[in-house]
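Chemist: Below you will find the structure I want to go over with you.
Put into structure tokens, the structure is as follows:
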């Protein structure tokens, strides 16, 4: 990217105009003295005198500190002395002519460039012409054999020479460097005055010796005086320049302590041009070049193809102090042949090392900033789809809640229907492709200001903000879900995606968790009703306030053991014998009395108290079983397991540890699983179930027949028992459909070597109908209601008809039924 500015062009134009003006004035001066010579002709001076004057002028102007245009180095010359002496010996026009010739030859020998050479010659013509004009004004008559001794004209001519020199040079230097007029004009003014006094004394000494006829050997002192003054002036200038240069270097090093790489490169290039009085400086990195003058950056862009190195360029590698790392090259272009001194070379290497360190620091900071940005993005975005994740959604929702200017907003929760079939049929790679396409469509259809997030699996959420009316939330949601209707092609197959959405409206107050809960309820209502969009209604959420209240009391309930366990027997339908017991949790609430799991289980699952709750239920169940075994009743115990518990990797280990603590065989524990867990979480829980089953724990599917994937569940989860839902048991004696379901379940279980338990057996006709259909075990109020562990033991000890362990009369007399030897589970008939 080019950074050439118009200011640079303006500066060059002004510089050319000033140089042109000086050239015009110089030509005018030469023309004026040529006209004067023609009008007032004088004898031609001796050629040796002219050659001597030219030689003296060349030597006096050559012994100096070289000046580079656009540099801050001072120029100290001694050309005034031969000019003043020459004006007392030769006619003024010839002195001007000799000065122009000498400067022209000197500039050609130095090869400083056309513009600088022409400027130097013109300036020499102006300054020499001004001094000659003073001599002419005072009427001084030069004489080679008997020169005059005009003290006052010499003083005035010298002052005029210096003043004209500054009037010509200062504007050019101010324009080239950008410094102030006062700063340039008064720079080293004390040294300039001392040098001018030395020049005056030297000129008066030479003219006095020549005019008075004093011993010419005194002229030998003149070169020594000039040499001493030159050495003093040069040392003074170099000392000051070195001091200021090191100060600029220190200041530049401080400026390099930046974390932005562009700022470092721009500062380094401009400061390099200033410190080393270069016309331009450049830094070449891998693929990038920055070039600048002392006042501005010219170019910052791709690195050009390397060409021939210009003769006026000096370069140094940007390496660390130990020389181990090279990051680029620093190049200086001086606009002429310049040879750096040893001190300048050391200074250049020091500056290059500081630049290298600054570049490496800026690059390291940029890399850290990039990694931090990536980590921050990864922490708040879904890696598969690039959408915001749950954390980001909660953060944005919290901000909306805190901002009163957001107005009405809503949360849309979206769940894809039957997405698991895509993974099962085409594989997870195809499923990921579908999720990315769905995410892209939702993102593209969202309004500005809305946030689309993926919560996990096939569940998405959209935070709808800036809603003028509540009805617009449903309109937006409908439009977003409509974008999912288009065909998605995956691996050559054309798929359609169906989704259900739930909307929860908020007016700027409340909590994100409650908003999410309401949207979740509305979404599942949409799924159950077969609708695409359902808006949350408080009237349809009967547990709204109660759940909020119970959530805040869960921690106390777990700590104070308010959760207790009752037990309901599982009975042999044919003999009435108790085969096992199912643990049923209750919450003895201090204010609301005994609460069934229907009222608090969902709240527990959504809270962080589920592990403690599950552990308390299992602990009480194993303690009860131990007490029954001690009394002579070694019964298996069945405990319900929440699907969310199976998602906890530590759950299997916790169960097995609890069994070992109570010295209970693993096969005496039956974990009842709700069939709904397999709809979206089967892949996750399979490992946990396999670990428990391999340890000997029995598995049962509760409410079998009410799910939508019964056969796929049985093919994926190696269970031991099926429990027929009470809905079918209630109609088994009255409807053929219910009887067919029971018969089919029993036949399926028999073929898979599983046991079957019927739930909700309420009457003897139901018992007999189940027995006739092949179901050999059941539980329900016909046999017993849920009791505490102590009452359950008393019930076992009393039995029915004086028979301990029996809760009902046998359906057949003893010996009337011949049992075939089949595979049995402990205490449960096959």
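Numbering (full-length UniProt numbering), first residue to last: 1 to 830.
Ideal Cβ placement from N, Cα and C applies to all residues, glycine included.
So for residue 425, helix, strand or coil by DSSP?
Modeler: Within the chain shown, numbered from 1, the residue matching residue 425 stands at position 425. In the structure shown, residue 425 sits in a helix (DSSP, three-state: H, G or I).
Chemist: Exposed or buried, which one is residue 346 when buried takes at least 16 other CB atoms within 10 Å?
Modeler: By 1-based counting over the chain shown, the position of residue 346 is 346. Exposed, since its Cβ has fewer than 16 Cβ neighbours within 10 Å.
Chemist: Counting C-beta neighbours from all protein chains within 10 Å, is the total for residue 480 16 or more, i.e. buried, or is it exposed?
Modeler: Start at 1 with the first residue of the chain shown, and residue 480 comes out as number 480. Under this definition residue 480 is a buried residue.
Chemist: Compute the Euclidean distance between the alpha carbons of residue 124 and residue 248, then round it to the nearest angstrom.
Modeler: Taking the chain shown and counting its residues from 1, one reaches residue 124 at position 124. Taking the chain shown and counting its residues from 1, one reaches residue 248 at position 248. In a straight line, the C-alpha of residue 124 is about 33 Å away from that of residue 248.
Chemist: So the beta strand (DSSP E) residue 572 belongs to, where does it begin and stop?
Modeler: Against the chain shown, residue 572 aligns to sequence position 572. From DSSP, the beta strand (DSSP E) with residue 572 extends over 563-572.
Chemist: Between residue 268 and residue 434, what straight-line distance do the alpha-carbon atoms span, to the nearest angstrom?
Modeler: Position 268 of the chain shown, counted from the start, is the residue given in the question as residue 268. Position 434 of the chain shown, counted from the start, is the residue given in the question as residue 434. Spanning the two alpha carbons is a distance of roughly 52 Å.
Chemist: For the pair the region 657-670 and the region 619-629, tell me if three or more CB-CB distances fall below 8 Å.
Modeler: A contact exists between the region 657-670 and the region 619-629.
Chemist: List, from N- to C-terminal side, the beta strand (DSSP E) runs of 3 residues or more that fit wholly inside the region 579-616.
Modeler: The region 579-616 contains these whole beta strand (DSSP E) runs: 593-595.
Chemist: Using the beta-carbon count (16 or more within 10 Å), is residue 744 buried or exposed?
Modeler: For the purposes of this step, residue 744 is taken as the residue at position 744 of the chain shown. Residue 744 should be labelled exposed.
Chemist: When you compare only the Cα positions, how much space is there between residue 545 and residue 383?
Modeler: One-based indexing of the chain shown puts residue 545 at position 545. One-based indexing of the chain shown puts residue 383 at position 383. Caution is warranted here: a pLDDT of 47 is assigned to residue 545, below 50, making its placement in the model unreliable, and no coordinate value can be reported.
Chemist: Leaving aside the five residues before and after residue 354 along the sequence, list all residues of the same chain whose C-beta is less than 7 Å from its C-beta, in chain order.
Modeler: Sequence index remark: in the chain shown, residue 354 carries index 354 (1-based). Excluding residues within five positions, the ones whose Cβ falls inside 7 Å are 253 and 256.
Chemist: Residue 60 and residue 81: beta carbons closer than 8 Å?
Modeler: Counting from one through the chain shown, the residue named residue 60 turns up at place 60. Counting from one through the chain shown, the residue named residue 81 turns up at place 81. Yes, Cβ-Cβ distance for residue 60 and residue 81 is below 8 Å.
Chemist: Taking the beta strand (DSSP E) that residue 267 falls in, what are its first and last residues?
Modeler: Along the chain shown, read from residue 1 onward, the residue named residue 267 stands at position 267. It is not in any beta strand (DSSP E) - residue 267 instead sits in the alpha helix (DSSP H) that spans 261-275.
Chemist: Figure out for me which residue from 793, 430 and 524 has the closest Cα to the Cα of residue 495.
Modeler: In the chain shown, the residue the question calls residue 495 occupies position 495. For the residues 793, 430 and 524, the minimum Cα distance to residue 495 belongs to 430.
Chemist: According to the neighbour-count rule (16 or more other Cβ atoms, all chains shown, within 10 Å of its Cβ), is residue 371 buried or exposed?
Modeler: Residue mapping note: residue 371 aligns to position 371 of the chain shown, counting from 1. Residue 371 comes out exposed.
Chemist: In three-state DSSP terms, what is residue 653?
Modeler: Reading the chain shown from its first residue, position 653 is the one you call residue 653. Three-state result, residue 653: helix.
Chemist: Where does residue 514 sit, in a helix, a strand or coil, going by DSSP?
Modeler: Mapped onto the chain shown, residue 514 falls at position 514. Here residue 514 sits in helix by DSSP.
Chemist: Any contact of the region 737-751 with the region 784-804, i.e. 3+ C-beta pairs under 8 Å?
Modeler: No, the region 737-751 does not touch the region 784-804.
Chemist: Less than 8 Å between the CB atoms is what I'm expecting for residue 669 and residue 629, so what's the real figure, rounded?
Modeler: The residue given as residue 669 occupies position 669 in the chain shown. The residue given as residue 629 occupies position 629 in the chain shown. That pair is no contact at about 13 Å.
Chemist: Taking the alpha carbon of residue 559 as the reference point, which residue from 643, 615 and 519 has its own alpha carbon closest?
Modeler: Walking along the chain shown from the start, residue 559 turns up at place 559. Residue 559 has its Cα closest to that of 615, out of 643, 615 and 519.
Chemist: Could you pull the DSSP bridge partners for residue 640 from this structure?
Modeler: The residue you call residue 640 lines up with position 640 of the chain shown. DSSP output for residue 640 lists 672 as bridge partner(s).
Chemist: Please check the pair residue 172 and residue 23, which I expect to be a contact at CB under 8 Å, by giving their CB distance rounded to whole angstroms.
Modeler: Position 172 of the chain shown holds residue 172. Position 23 of the chain shown holds residue 23. Not a contact, Cβ separation roughly 12 Å.
Chemist: Report the option in 427, 115, 441 and 785 whose CA atom is closest to the CA atom of residue 570.
Modeler: Within the chain shown, the letter at position 570 stands for residue 570. Closest by alpha carbon: 785.
Chemist: With a CB to CB cut of under 6 Å and the five nearest residues on each side skipped, what residues in its chain are close to residue 726?
Modeler: Taking the first residue of the chain shown as position 1, residue 726 is located at position 726. Cβ within range, chain order: 759 and 760.
Chemist: By the DSSP assignment, the alpha helix (DSSP H) with residue 401 in it spans what residues?
Modeler: Counting from 1 along the chain shown, the entry for residue 401 is found at position 401. Start and end: 390-402.
Chemist: If you follow the alpha helix (DSSP H) that residue 86 is in, where does it begin and where does it stop?
Modeler: For the purposes of this step, residue 86 is taken as residue 86 along the chain shown, with counting starting at 1. Start and end: 80-89.
Chemist: Leaving out five residues before and five after residue 117 in sequence, what residues of the same chain have Cβ atoms less than 6 Å from its Cβ?
Modeler: Your numbering for residue 117 matches position 117 in the chain shown. Result list for residue 117: 107, in chain order.
Chemist: Alpha carbon to alpha carbon, what distance is there between residue 91 and residue 39?
Modeler: Residue numbering aside, residue 39 sits at position 39 when the chain shown is read from its first letter. Residue numbering aside, residue 91 sits at position 91 when the chain shown is read from its first letter. For residue 39 and residue 91, the distance between alpha carbons rounds to 13 Å.
Chemist: Could you compute how far the alpha carbon of residue 538 sits from the alpha carbon of residue 472?
Modeler: The residue you call residue 538 lines up with position 538 of the chain shown. The residue you call residue 472 lines up with position 472 of the chain shown. Distance between the alpha carbons of residue 538 and residue 472: 19 Å.
Chemist: Any contact between the region 385-395 and the region 448-461? By contact I mean 3 or more CB pairs, one from each, below 8 Å.
Modeler: Yes, the region 385-395 is in contact with the region 448-461.
Chemist: Between 535, 294 and 286, which lies nearest to residue 302 when the distance is taken from Cα to Cα?
Modeler: Taking the first residue of the chain shown as 1, we reach residue 302 at position 302. Per the Cα distances, 286.
Chemist: Below 7 Å CB to CB, which residues in the same chain sit around residue 680 once its five sequence neighbours on both sides are set aside?
Modeler: As a working mapping, residue 680 is identified with position 680 in the chain shown. Reliability fails at residue 680, whose pLDDT of 44 lies under 50, so the model's placement of it is uncertain and no value is given.
Chemist: Nearest by alpha-carbon distance to residue 477: which of 21, 146, 492 and 461 is it?
Modeler: Against the chain shown, residue 477 aligns to sequence position 477. The shortest C-alpha separation from residue 477 is found at 461.
Chemist: Quick check on the DSSP output: the alpha helix (DSSP H) that includes residue 480 runs from which residue to which?
Modeler: Here residue 480 is taken as the residue at index 480 of the chain shown, counted from 1. From DSSP, the alpha helix (DSSP H) with residue 480 extends over 471-482.
Chemist: If I measure Cβ to Cβ from residue 334 and keep anything under 7 Å in the same chain, skipping five residues before and after, which residues do I get?
Modeler: If you number the chain shown from 1, residue 334 lands on position 334. Contacts found: 68, 278, 279 and 312.
Chemist: Please report how far the alpha carbon of residue 17 lies from the alpha carbon of residue 26, in whole angstroms.
Modeler: Against the chain shown, residue 17 aligns to sequence position 17. Against the chain shown, residue 26 aligns to sequence position 26. C-alpha separation (whole angstroms): 14 Å.
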